[in-house]
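Only one structure is covered here, and it is reproduced in the block below.
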Amino acid sequence: MVSDPSLRMYDVCFLSKCLGVGFYFLRRYSSGDGGHENGDRLDGKTVIITGANSSIGKETARGLAAKGARVILACRDTTKAEAAANDIRETTGNGNVVVEELNLASLASVRKFATRIKKRETSLDILINNAGVSACPKWVTEDGFERQFATNHLGHFLLTNLLLDLLKKSAPSRVVIVSAVLYKRGKINFDDINSEKSYSPHGAYCQSMLAVVLFMRELARRLEGTGVTANALHPGVVSTELSRNFSTTLGWIMLLLGPFFTAWVHLFAKTAKQGAQTSIHLAVDKELETTSGVYFSDCKPHELAPVGKDDVTAKKLWQISEEMVGLSG
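With the working numbering as the guide, the letters of the sequence shown map in order to residues 1 to 329.
This is the structure in structure tokens:
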């Protein structure tokens, strides 16, 4: 039996189309719906977004600027932030996008930033704690803290507490905290919270993400009745600059697996715009005005894992964090 070449070509084309459709729906499933369609406006509202000069933070800033908000990009690299602000102004037509220097790895920088904001701004309606680092080698900040814990948790902990009076004055107002699903693998090691005895880049990152979730829980509890809400979110697996240290910490493993990792990201990871949608949802949606202490993913509430609902650990972490950043007493 002689096969027909035209039929073989048809089979190849059909298989290719099936694979293409399969990858399309798999990508959509893995990346979520990626769209925030709420028409609520933010005219007259002031928003601060940390780490807003790139990726999720920048797209969050763009989305909120498009809704009429005054947006403050709080960033360590002000040159890069100014370029991002110019881009956002041009694409949204909103000229009220400004840059303020903030290095979350420096407690002094956080305090200076908060002082400037309280002097210049009469209101603060939304604070989005977005900035973060991951997969760092063991870097120690000027204050003597492990960098991932310092940037992802301690810096935002201090910043939020220093701006609470302004947030309360502006109520109803919101604190939106970006975390990651890897909080589930985290453990708050109170015996070595600063990773001085041993250090794992992945372990330190997971600890910092759990700290962020527990901070949200305790913050929401403390803010009950004030008109200020606090919620956390997982933006999804996003191709961001967060992973820029992977090649340093994983070395030859990344050299070996790099091409596969890149292909996986291209096929399945969210875009920065898609990753920003849950942050925008929590900042904007009027139906969430009184929602607090909740963890979101893909613009929907998700049940926290038991480790994220440990309120005893959350209270202990709050007390230790106060001591570490100099807020106790």
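We put the CB at the ideal spot given by N, CA and C, even for glycine.
Count the other C-beta atoms from every protein chain shown that fall within 10 angstroms of the C-beta of residue i, then say buried if there are 16 or more, exposed otherwise.
{"i": "Thr91", "result": "exposed"}
{"i": "Val71", "result": "buried"}
{"i": "Asp41", "result": "For the record, residue 41 in the displayed sequence is Arg; it is not Asp. Classification for Arg41: exposed."}
{"i": "Gly20", "result": "Note that Gly20 scores 41 on pLDDT, short of 50, meaning its location in the model is unreliable and no value can be drawn from it."}
{"i": "Asn231", "result": "buried"}
{"i": "Pro201", "result": "buried"}
{"i": "Val312", "result": "exposed"}
Mind checking which residues open and close the beta strand (DSSP E) that includes residue i?
{"i": "Asn129", "result": "126-129"}
{"i": "Pro301", "result": "300-302"}
{"i": "Leu233", "result": "228-234"}
{"i": "Leu73", "result": "70-75"}
{"i": "Ser297", "result": "295-297"}
Are the CB atoms of residue i and residue j nearer to each other than 7 Å?
{"i": "Val176", "j": "Ala272", "result": "no"}
{"i": "Gly155", "j": "Leu104", "result": "yes"}
{"i": "Phe157", "j": "Phe215", "result": "yes"}
{"i": "Pro235", "j": "Ile48", "result": "no"}
{"i": "Val212", "j": "His153", "result": "yes"}
{"i": "Gln277", "j": "Ala204", "result": "no"}
{"i": "Thr229", "j": "Lys168", "result": "no"}
{"i": "Lys45", "j": "Ala84", "result": "no"}
I'd like the list of long-range same chain contacts for residue i, defined as Cβ closer than 6 Å, with 5 residues on each side in sequence excluded.
{"i": "Lys184", "result": "Ala305"}
{"i": "Ser170", "result": "Ser123, Leu124, Asp125"}
{"i": "Arg116", "result": "none"}
Could you give the first and the last residue of the continuous alpha helix (DSSP H) run that contains residue i?
{"i": "Arg217", "result": "201-222"}
{"i": "Ser109", "result": "107-120"}
{"i": "Ile56", "result": "55-65"}
Just how far apart, CA to CA, sit residue i and residue j?
{"i": "Ala314", "j": "Thr122", "result": "31 Å"}
{"i": "Phe14", "j": "Thr79", "result": "Since pLDDT at Phe14 reaches only 37, below the 50 mark, its modelled position is unreliable, and the value read off the structure follows with that caveat. Spanning the two alpha carbons is a distance of roughly 50 Å."}
{"i": "Cys386", "j": "Asp87", "result": "Beyond the ends of the chain as shown, which are 1 and 329, falls residue 386; an answer cannot be given."}
{"i": "Leu242", "j": "Leu73", "result": "With a pLDDT of only 47 at Leu242, under 50, the local geometry of the prediction cannot be trusted, and the value read off the model is given with reservation. Distance between the alpha carbons of Leu242 and Leu73: 18 Å."}
{"i": "Cys299", "j": "Ala108", "result": "34 Å"}
{"i": "Trp139", "j": "Asn130", "result": "20 Å"}
{"i": "Phe296", "j": "Glu142", "result": "33 Å"}
{"i": "His302", "j": "Val181", "result": "11 Å"}
{"i": "Ala66", "j": "Lys286", "result": "17 Å"}
{"i": "Leu163", "j": "Leu102", "result": "14 Å"}
{"i": "Glu82", "j": "Asn53", "result": "8 Å"}
{"i": "Leu219", "j": "Ser106", "result": "22 Å"}
Counting only the same chain and skipping the five closest in sequence on each side, list residues whose C-beta sits under 8 Å from that of residue i.
{"i": "Cys18", "result": "Any answer about Cys18 is weak, because its pLDDT of 38 lies below 50 and its placement is not dependable; what the coordinates show is given next. Here the set comprises nothing."}
{"i": "Arg77", "result": "Residue 77 is actually Asp in this sequence, not Arg. Asn53."}
Only counting the same chain, and skipping five residues up and downstream in sequence, which positions put a Cβ closer than 7 Å to that of residue i?
{"i": "Lys118", "result": "Leu166"}
{"i": "Thr291", "result": "Thr229, Asn231"}
Compute the minimum distance between the beta carbon of residue i and the heavy atoms of the ligand ADP, and state whether it is under 6 Å.
{"i": "Ser55", "result": "Only the bare structure without any ligand can be found here, which leaves the ligand ADP out of the picture."}
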